[in-house]
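Colleague:
Numbering (the working numbering), first residue to last: 2 to 115.
(1) Give the C-beta separation of residue 80 and residue 91 to the nearest angstrom, bearing in mind that I take them to be a contact with Cβ-Cβ under 8 Å.
(2) If I measure Cβ to Cβ from residue 56 and keep anything under 8 Å in the same chain, skipping five residues before and after, which residues do I get?
(3) Between which residues of its own chain and residue 104 is the CB-CB distance below 7 Å, once the five residues before and five after are set aside?
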């Protein structure tokens, strides 16, 4: 007569993979050569020379519009868009063009004060 251990033991092919097996399979899938030029990181750009999407022209025009505003009573500008659309890159281009013209850029993050 078989013991309960023998009756309920699952056959070997149905064993669940261990965490180590799953982790090692991800390592194999995610390995990318560091010298690959085909893949780019998700980091924002900082200079016009890095602009591969031709947003710098708009950034230059935007800076000229900002500089023409009467700021004596203050004004607010917002940059909105979905995640990954280049908002930070656009702001970095604005900062670059303002600093080239000797303007000071002050970073203020209101989320740090809520």
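Using N, Cα and C, we set each Cβ at its ideal position, and we do this for glycine too.
Modeller: Walking through what the data contain:
(1) By 1-based counting over the chain shown, the position of residue 80 is 79. By 1-based counting over the chain shown, the position of residue 91 is 90. Going by Cβ atoms, the distance from residue 80 to residue 91 rounds to 6 Å, so yes, they are a contact pair.
(2) Taking the first residue of the chain shown as position 1, residue 56 is located at position 55. For residue 56, where only same-chain residues beyond five positions count, the Cβ hits under 8 Å are 87, 90, 91 and 94.
(3) For the purposes of this step, residue 104 is taken as the residue at position 103 of the chain shown. No residues qualify anywhere along the chain.
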